[in-house]
Structure formats: C-alpha cells, structure tokens
Amino acid sequence: MDRTIAEKDGKLLLLLLDWSKAFDRIRTDSLLVALKRFGLPPLFVQMVGAIYSGRRFTVKDGRWESTHREQASGVSQGCPLSPFLFSILMTVLFHDVDNHPTVCAANAASHHRGFVVTDVLYADDTLLVDSDECRLQACLDCIIALGCEYGLTLNWDKTVLLRIRHEGSVKGPGGLEAKSQDSAIYLGGLLNTSGAATSELTRRMGEAWGSLVKLESVWKHANITSDRKHLLLKSLIFPKLMYGLESVWLFVADRRRLNSFHVKCLRKAYGIKHSYVSHVSNAEVMAVAKAQQLSAQLLETQLRLYGRIAMLDAQSPQRQVALAPDSLRPALSIHKARGRPRIAWAPTIYGHAVAAAGSEQLLREALSTDSWRGIVRKYCHRVGQA
Numbered sequence: 001m002d003r004t005i006a007e008k009d010g011k012l013l014l015l016l017l018d019w020s021k022a023f024d025r026i027r028t029d030s031l032l033v034a035l036k037r038f039g040l041p042p043l044f045v046q047m048v049g050a051i052y053s054g055r056r057f058t059v060k061d062g063r064w065e066s067t068h069r070e071q072a073s074g075v076s077q078g079c080p081l082s083p084f085l086f087s088i089l090m091t092v093l094f095h096d097v098d099n100h101p102t103v104c105a106a107n108a109a110s111h112h113r114g115f116v117v118t119d120v121l122y123a124d125d126t127l128l129v130d131s132d133e134c135r136l137q138a139c140l141d142c143i144i145a146l147g148c149e150y151g152l153t154l155n156w157d158k159t160v161l162l163r164i165r166h167e168g169s170v171k172g173p174g175g176l177e178a179k180s181q182d183s184a185i186y187l188g189g190l191l192n193t194s195g196a197a198t199s200e201l202t203r204r205m206g207e208a209w210g211s212l213v214k215l216e217s218v219w220k221h222a223n224i225t226s227d228r229k230h231l232l233l234k235s236l237i238f239p240k241l242m243y244g245l246e247s248v249w250l251f252v253a254d255r256r257r258l259n260s261f262h263v264k265c266l267r268k269a270y271g272i273k274h275s276y277v278s279h280v281s282n283a284e285v286m287a288v289a290k291a292q293q294l295s296a297q298l299l300e301t302q303l304r305l306y307g308r309i310a311m312l313d314a315q316s317p318q319r320q321v322a323l324a325p326d327s328l329r330p331a332l333s334i335h336k337a338r339g340r341p342r343i344a345w346a347p348t349i350y351g352h353a354v355a356a357a358g359s360e361q362l363l364r365e366a367l368s369t370d371s372w373r374g375i376v377r378k379y380c381h382r383v384g385q386a
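Note that UniProt numbering gives residue 376 to position 376 of the sequence shown, counting from 1, and the numbers run on in steps of one.
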C-alpha cells in the first residue's frame with residue numbers, strides 16, 4: 001500500500017470483508033471436511049467432530065423454556081481452539097478460490113501491472129488487495145459462492161472498499177456496490193488511502209488518553225506511589241498507543257506530538273502540573289521519571305524489526321517488499337510519483353541502522369550475531385538524549 005502511494009500512477013483497491021456472525025455460522029460437517037483436506041490426522045478430525053456433534057440447546061425467557069433443539073453450526077466462542085479451526089477453514093476456502101476457473105481466467109485476461117489478487121487473513125478478518133477491479137470482482141464472487149458451502153455469508157453493509165487513485169468498484173449480493181471510504185480499521189490499525197500515519201496517531205492518542213482518565217479514577221481512591229503509576233502507564237496505556245507503529249515512519253511533527261503526550265501522561269503520574277504553573281520543564285519530568293522518550297523507544301523497536309526482516313530468507317514476502325535482493329539496502333521503486341519524495345520506512349530505518357553500526361559492513365556483521373540488540377539500545381539512548 002505504501003509503495004503504491006509512492007509510485008507514479010500507482011493504483012490499488014483494498015476490500016475489507018465483514019463476515020456475518022462468522023464463528024456462529026460455520027457448518028460442522030463442512031468444517032470437518034476442511035480439516036481433512038488440510039491434512040490433519042484422522043484422529044484429530046474425529047476429536048473435533050466429537051466436540052461438535054450431538055450439541056443441543058434450549059432458550060429460556062422468564063418462566064418459559066423451549067424444547068431441546070439440535071445445534072448443527074457454529075464453533076465455540078472463547079475456546080482457544082476455535083480461531084485455529086476458523087483459520088484452517090479459511091485457508092481451504094481461499095485455496096479453492098485461487099484455483100477456481102473464474103479467478104484463473106480473470107488472472108489470465110488481466111494485463112494490469114501490479115498485484116495479482118492477494119488476500120490477507122487473520123481469523124475472521126479478511127482483506128483483499130488488487131490493482132485490477134475485474135480480478136477483484138471475480139475473486140469476490142467466488143468467495144461469496146464458496147463461502148455459502150461452509151455456512152459463511154458476508155455482511156455487505158459493513159464491507160468497506162478503500163481506493164488509492166482508483167475509480168473502480170466492486171459489487172456484492174444483489175448488485176450493490178461496496179461502500180467506499182478513505183480509511184478503515186483493520187487488525188487494530190487505521191488504514192488510510194493517503195498513507196499518512198497522522199490520523200492513526202491521533203486516534204491512538206485519543207484512545208490512550210481515555211484509558212488514562214479511567215485509570216486515574218483508580219489512582220484517586222488508592223494509595224499508589226508515583227513509580228507504581230508509571231509502571232501502570234508502561235503496562236496498560238503506552239502499549240495501546242504504540243501497538244503496530246513500528247511498521248510506519250512518523251513525521252517529525254508526529255514524533256514531537258508522541259513525546260509531548262508521553263510527558264503529559266508522566267505529569268499525571270507524578271502529580272506535576274503544567275510547566276506554565278509548576279515551572280518544571282519536560283526534560284526535568286523525564287529525569288524524575290527516569291524515562292526514555294517514546295520516539296526513541298519506537299526507533300529501537302523499528303531497528304529490531306529491520307534486523308529481523310534483514311535476516312529472513314530471500315523468498316520471504318516481508319524481505320522482498322522492504323529490502324533489495326541480496327542486500328541490506330531498501331528496495332527502491334523505479335516509478336516514483338511526481339513531487340517531493342515521500343519519507344519511506346525502509347530507507348529511513350536503513351540510514352539509522354548504518355549509523356548505529358558504524359558502516360554497512362559492520363551492520364552486516366552485527367546482524368549476523370547477537371550483538372544487534374545491544375547496539376540498537378545504545379544508539380537509541382544517544383538519540384533520545386540528543
């Protein structure tokens with residue numbers, strides 16, 4: 001998505017599917033067939049079948065209670081096994097979709113440069129990505145048709161289409177076009193057609209502050225030390241704010257906002273009023289809390305992520321997207337968009353990685369050993385003190 005925005009004339013469609021009561025609608029018989037096709041041992045399939053066979057339920061309303069009925073669909077909500085069963089079922093479903101004659105014909109007929117239909121699956125969260133609306137439509141039609149065989153149906157009112165420089169559309173049941181939006185939540189993160197992380201950071205800061213306000217009501221009625229409050233911030237509030245941010249590069253203004261929010265939370269924990277009232281600077285607050293700036297903590301996480309990606313196999317999708325083949329340098333696009341170049345994640349983090357190691361040769365040696373984590377920690381400490 002980020003590369004499409006950075007490329008000249010890059011176009012992309014992202015379709016976020018919403019399954020209607022997914023876990024409750026799965027047909028048990030179809031689930032067992034999917035488990036067999038996935039290659040699980042017969043004994044395991046029989047065990048799952050025993051769990052979901054012979055289930056009966058009643059409905060009680062006040063003094064009235066219905067007769068016993070058979071429950072022939074659905075997997076147990078809250079069961080640790082259920083997400084794995086659903087993921088296996090979706091794997092089999094999309095295997096059938098990818099090999100369906102309609103989808104194969106659409107792939108063969110398309111000459112559009114870019115993605116072939118790509119699906120991102122995480123339990124019941126499904127994302128379809130394509131640059132060709134005909135391929136995407138063919139894939140969607142097959143998903144709807146084959147999903148019915150497993151008892152799955154789409155909630156079309158909640159299905160969202162994100163368009164990046166693309167005028168195409170897709171249609172669902174009844175010929176209704178998918179609702180087009182500029183942003184949507186996927187796996188806890190905000191996908192935006194502009195590619196900027198400012199709106200996502202604003203949303204995260206709002207949610208984190210709301211959680212802090214609730215936590216503060218506990219502080220007022222409990223004898224909790226300031227250091228304990230700081231520990232609660234680090235375990236309950238800051239993870240909510242920082243989740244997934246290691247995969248994006250924030251603008252300078254956004255990093256300053258992140259650090260300001262950090263100090264604002266620390267002032268709450270240590271009972272230090274605003275600098276206009278208390279005459280205590282932000283640097284002094286950080287010294288009292290013995291804390292490192294969130295921007296420096298984020299950079300440390302990003303450099304560790306870069307190290308993990310660099311050590312992946314050459315065929316790994318993550319490495320192919322981020323880094324050039326057989327190199328630690330970022331993968332660069334030859335079709336750059338007009339105007340000022342975007343500040344991209346890979347080139348920026350690569351620059352910090354070389355600066356942390358001292359040179360590209362030293363970087364290669366550091367990544368091949370266990371010393372990379374220590375090098376990153378020292379470098380980010382220097383950056384945070386600057």
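In this text, a Cβ means the ideal position worked out from N, Cα and C, and glycines have one as well.
Counterpart residues of Q181 in DSSP-defined beta bridges: L162
Below 8 Å on the Cβ atoms is my contact criterion, and I expect R135 with A106 to pass it. Report the Cβ-Cβ distance as a whole number of Å. 5 Å
Where the beta strand (DSSP E) through Y52 begins and ends: From DSSP, Y52 is part of no beta strand (DSSP E); its letter is neither H nor E.
Any contact between the region 30-48 and the region 198-206? By contact I mean 3 or more CB pairs, one from each, below 8 Å. no
CA-CA distance, V248 and W345? 6 Å
Report yes if the C-beta distance between M90 and T126 is below 9 Å; otherwise report no. yes
Which one or two residues does DSSP pair with S73 in a beta bridge? R27
How is G114 classed by DSSP in three states: helix, strand or coil? The predicted model places G114 with a pLDDT of 47, which falls under 50 and marks its position as unreliable; any figure quoted below should be read in that light. G114 falls in the coil class under three-state DSSP.
Can you pull the DSSP bridge partners for D18? D125
Report the residue ranges of all beta strand (DSSP E) runs contained in full by the region 195-228; include only those spanning at least 3 residues, in chain order. none
Where the beta strand (DSSP E) containing G189 begins and where it ends: 189-192
Find the nearest neighbour of T118 within the set G151, H95, A109, judged by alpha-carbon distance. H95
Over the uninterrupted alpha helix (DSSP H) stretch that includes R329, give me the two end residues. R329 -> no alpha helix (DSSP H), and no H or E assigned at all.
Cβ neighbours of K158 in the same chain (closer than 6 Å, five flanking residues each side left out): D18
Compute the distance between the beta-carbons of A34 and Y122, then report whether it is under 9 Å. no
Assigned secondary structure, L231 (DSSP; H/G/I helix, E/B strand, else coil): helix
Whole-angstrom distance between Y270 and Q385, CA atom to CA atom: 21 Å
Of all the options R165, C265, G206, which has the alpha carbon lying nearest to the alpha carbon of H194? According to the sequence as given, residue 194 is Ser; it is not His. Residue R165 is the option with its Cα nearest to S194.
Three-state secondary structure (DSSP) at V248? coil
Measure from the C-beta of V213 to each C-beta in chain D and report whether the shortest distance is under 9 Å. Any reference to chain D falls outside this structure, which holds one protein chain only.
Can you tell me whether K60 is buried or exposed, with buried defined as 16 or more other CB within 10 angstroms of its CB? exposed
Nearest-angstrom Cα separation, counted from L187 out to L162: 15 Å
Who are the near neighbours of A366 in its chain, counting only those whose CB is closer than 6 Å to its CB and skipping five residues on each side? A357, W372, I375
On a CA-only basis, which of A324, G172, G62, T28 is nearest S53? Give me that one, please. T28
Do V170 and L190 have their beta-carbon atoms positioned less than 9 Å apart in this structure? no
Hey, how far is the Cα of E65 from the Cα of I51? 25 Å
List the residues that DSSP assigns as beta-bridge partners of Y186. G189
Measuring only the C-alpha atoms, how far is A197 from V383? 22 Å
For L81, which three-state DSSP category applies? coil
Tell me the DSSP bridge mates of residue 451? An answer regarding residue 451 cannot be provided, because it is not within the stretch 1 to 386 covered by the chain.
Give me the Cα-Cα distance between G62 and S211, rounded to the nearest whole angstrom. 37 Å
Measure from the alpha carbon of A208 to the alpha carbon of each residue in L231, T58, H262, R228, then state which is nearest. H262
Indicate whether V160 and A138 have their beta-carbon atoms separated by less than 9 Å. no
First and last residue of the alpha helix (DSSP H) that includes T348? 345-357
Quick one: which unbroken alpha helix (DSSP H) runs of 4-plus residues sit fully inside the region 126-155? Chain order, please. 133-149
Which term fits C148, buried or exposed, when burial requires 16 or more other beta carbons within 10 angstroms of its beta carbon? exposed
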